[in-house]
Structure formats: C-alpha cells, structure tokens
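A.B. asks: Taking UniProt numbering, the leading residue of the sequence shown gets 1, the next gets one more, and so forth.
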Amino acid sequence: MFGAQASAPAFGTPSSTPAFGTPSSTPAFGTPSTSSFGSSLFSTPFSSQPQQQQQQQQMTPFQQPATGFTGFGFQAPSAAPQLSPFPNAQLTTQMAPVAPLQFSLAERDIQAIVDAYKEEPTNPKYAFKHLLFSVTEPQFRVKPPGVSDIMWAEAMGKLEGMDSTDRERLWPQLVQGFKDLSNRLKLQDEVILSDAERLRITQSNVKMLQRHFQAETLPWIERMRVKEQSLQRRLLRVMRIVEALESKGCRLPLMKGEVELAEKLASITRQLKGSGAELSRRVQNLLTVSRVQANSIGAGGSICLPGSTKIHEQSLADMQEVLQQQTEAIARLGNVLKRDIRDMEIIMAEDSQMTEDVS
C-alpha cells in the first residue's frame with residue numbers, strides 16, 4: 001500500500017519502509033533500524049523529548065525488540081534494554097512529576113495520635129486528661145491550668161448536681177496521664193485502709209461500751225432508782241414533820257410579807273393577853289352602850305353615861321367603828337385557832353401512826 005510498511009522479511013522481522021515524501025533511513029552496520037515515526041506501536045509520541053530524560057523501549061507488534069538487519073544477517077543490540085520474549089511482559093510508563101502534598105490524611109492521623117499520647121503540661125491535645133472530684137480545702141479551690149472551658153463547665157455542672165454536703169467538701173482536680181491516676185489510686189487505697197482501721201477501732205469501742213453498759217451501767221441505774229424511791233419517802237416524812245412544826249408556830253418566815261404578818265399577829269396576841277378575862281365583858285358593855293347611843297341618836301337626844309362625862313358624838317362613832325373592827329378580828333382569830341387545833345389533832349394522829357409503822 002502506498003505510504004505503509006511492507007510485509008515482514010523471511011526471518012520474521014519487519015523492515016522499515018520510508019513513507020511518501022520522507023527520506024529513507026538506512027541503518028548503518030551494527031545499528032538498529034527504527035519505525036516510520038521513531039516510535040513503537042505502544043509508545044507515546046512525546047517519549048523522545050529530551051526534557052523528560054527517559055528511555056522508551058521500542059516494541060514491535062509481536063512484543064519483540066526491533067533490531068537492524070545487516071547484509072550478513074547479524075543483529076546489533078539497540079541502546080534500549082531488551083525485554084523478555086514472553087508475550088505477557090508489562091509495559092511501564094512514567095508520568096510527569098507532581099508536587100507532593102504537604103500533609104496527607106494518614107500523616108495527619110498519625111500526628112493526631114502522637115499528640116494524644118504526648119504527655120506535656122502545655123499539650124492541649126493530650127487525650128489522657130480528666131477532672132476528678134477530691135476533698136479540697138477552700139483556699140486551694142481554683143481552676144487547674146491547662147483545662148479547657150468545656151471540660152471545666154462539665155465538671156462544675158456535675159458538682160452543682162451533688163448534695164450540699166458534697167459541694168462543700170469536693171472540688172474538681174486535674175488528673176493527667178497514667179502516673180497521676182496511679183498516684184490517685186494509691187492515695188485512695190491508703191485512705192480506704194485508714195478508714196477501715198478507724199472503723200474497726202470504733203466497732204471494738206462500741207462493743208466494749210455495750211458490755212460496760214450491760215455489766216455496770218444498768219445495775220447502777222437500778223440502784224439509783226431504789227435510792228430515789230427511798231429519798232422520796234424520807235422527803236415526804238420530813239414534809240409532814242415540817243407541817244406539824246409550822247402548825248405549832250415553829251415556822252420561820254421566808255419572805256418580807258410573812259415577816260410583817262408575823263409581827264402583826266404577835267402584836268394582836270399581846271393585846272389579847274393583856275386585856276385579861278374581862279375582855280369579853282368589856283366588849284359586851286361597849287356593844288350595849290353603842291346600841292343605846294344609836295337609839296338615842298335616832299330619837300334626837302344625847303346620852304350621859306353613868307360615872308363619866310359627856311362624850312362627843314364624833315368620838316363615840318369612831319370608837320364604835322374601832323370596836324366593831326376589833327370584834328370582827330377577834331371572831332376571825334377564834335375561827336383560825338379552831339382550825340389550827342383541828343389540824344394539830346390530825347397531824348398528831350398521823351405522827352403517832354407513822355411512829356408505830358417505823359417501829
């Protein structure tokens with residue numbers, strides 16, 4: 001065909017026939033022949049550019065390298081490396097160089113893992129960082145450094161949800177890394193052991209107090225109850241004796257009013273004893289005179305007592321009033337004496353009965 005390659009020669013190798021209008025290239029002795037366009041069927045047209053600096057392997061349609069044929073039938077090796085004569089040989093091509101990414105996704109993941117395990121106080125991405133509640137004094141209750149606002153807000157929210165007693169004692173404490181966690185666990189174990197020891201001591205003390213209560217306190221309480229009953233009986237007996245003595249006039253005044261009343265009674269008693277046996281007769285005479293005077297005053301005349309001078313009417317009225325008051329007082333005093341005598345008899349009877357019971 002016009003402008004196409006000729007058929008293969010007798011040895012199975014293609015010959016290069018120049019196309020129409022192109023100069024023919026005859027290979028020199030020991031050099032390989034090339035195809036019409038300077039490339040094999042599977043190579044790119046730009047493989048011969050010098051800026052790529054790569055060597056393309058020239059291939060025939062039968063996957064065999066093209067070699068020059070001399071007149072003597074010898075083949076000279078080409079500059080390109082010879083491929084394996086097997087038909088399943090792979091073809092490799094090289095693309096233009098591309099600038100690599102600064103950080104790939106895998107590198108970012110690896111860097112995030114490294115940052116999460118890097119134990120540094122200033123590392124905000126450290127994953128092993130937690131806020132745990134501990135018993136803290138009020139002067140040390142501050143926000144730990146290196147704690148994010150979100151983590152601190154969550155911890156304070158949990159603290160607000162606790163009881164009032166826990167809020168007064170606990171405070172969020174930063175635990176960073178396995179070392180701090182191990183120290184915290186060790187401290188908790190020590191506190192648990194100390195509390196267990198104190199609990200054991202307290203239980204032993206409680207048991208000892210219970211034994212003491214059963215062995216000594218209960219018998220002592222029973223003895224005190226019996227003694228209290230005995231003292232109550234003795235107190236009742238003393239109160240009866242005191243009442244008996246008071247009824248006999250042996251009672252001592254305890255208040256200022258009682259002292260004044262005792263003095264008044266003593267003065268009245270002296271007056272009664274001084275008047276003698278004629279007191280009642282004199283009182284009767286005075287009552288008779290007062291009645292007569294009242295009758296005479298009602299009739300409009302005056303009265304002259306025998307053996308006496310004339311008495312003024314106003315003085316007589318005053319005397320009558322005083323005598324009336326004294327009479328009433330004497331009557332009340334007689335009633336009091338009667339009641340006292342009766343009470344004295346009752347007390348003496350009870351006292352004699354008590355004496356018999358004691359004996």
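Idealized CB from N, CA, C, for every residue including glycine.
Do L265 and T327 have their C-beta atoms within less than 9 Å of each other?
C.D. replies: No, they are not a contact pair.
A.B. asks: I think I347 touches E228, with their Cβ atoms under 8 Å apart; what is that distance to the nearest whole Å?
C.D. replies: Contact doesn't hold; Cβ gap of about 26 Å is too wide.
A.B. asks: Going by Cα to Cα distance, which pick from K118, V191, P138 and I241 is closest to Q353?
C.D. replies: It is I241.
A.B. asks: Alpha carbon to alpha carbon, how far is S204 from T217? Give it in angstroms, no decimals.
C.D. replies: Their backbone Cα atoms lie some 18 Å apart in a straight line.
A.B. asks: Drop a sphere of 10 angstroms on the beta-carbon of P138, count the other beta-carbons inside from all chains shown, and report buried for 16 or more, exposed for fewer.
C.D. replies: Classification of P138: exposed, given that the 10 Å Cβ count is below 16.
A.B. asks: To the nearest angstrom, how far is the alpha carbon of L131 from that of L159?
C.D. replies: Whole-angstrom Cα-Cα distance: 11 Å.
A.B. asks: I believe F128 touches G161 by the beta-carbon criterion, under 8 Å. Please report the beta-carbon distance rounded to the nearest angstrom.
C.D. replies: Actually they do not touch by this definition, with Cβ atoms about 25 Å apart.
A.B. asks: Given that a residue counts as buried once 16 or more other Cβ atoms are within 10 Å of its Cβ, and exposed if not, what is A106?
C.D. replies: Exposed, since its Cβ has fewer than 16 Cβ neighbours within 10 Å.
A.B. asks: One question on the structure: do M146 and P172 come within less than 9 Å of each other, judged by their Cβ atoms?
C.D. replies: Met is not the amino acid found at residue 146; the sequence shown has Gly there. Taking 9 Å as the Cβ cut-off, G146 and P172 do not qualify as a contacting pair.
A.B. asks: Where does Q293 land, buried or exposed, given buried means 16+ other C-beta within 10 angstroms?
C.D. replies: When all chains shown are included, Q293 counts as buried.
A.B. asks: Return the Cβ separation of S134 and L170 in integer angstroms, given the expectation that the two are a contact with Cβ distance under 8 Å.
C.D. replies: At roughly 7 Å, the Cβ-Cβ gap stays under 8 Å, so S134 and L170 are in contact.
A.B. asks: Apart from the five residues just before and just after R141, which ones in its own chain have a Cβ nearer than 6 Å to its Cβ?
C.D. replies: Once the five neighbours on either side are set aside, the close Cβ partners of R141 are W171.
A.B. asks: Residue range of the beta strand (DSSP E) that S134 falls in?
C.D. replies: It spans K129 to V135 - the beta strand (DSSP E) in which S134 sits, taken as one unbroken run.
A.B. asks: Do I330 and V283 have their CB atoms nearer than 9 Å?
C.D. replies: Contact flag set, yes.
A.B. asks: Output the distance between the C-alpha atoms of L231 and V206, rounded to the nearest integer angstrom.
C.D. replies: Using only the alpha carbons, I get a separation of about 34 Å.
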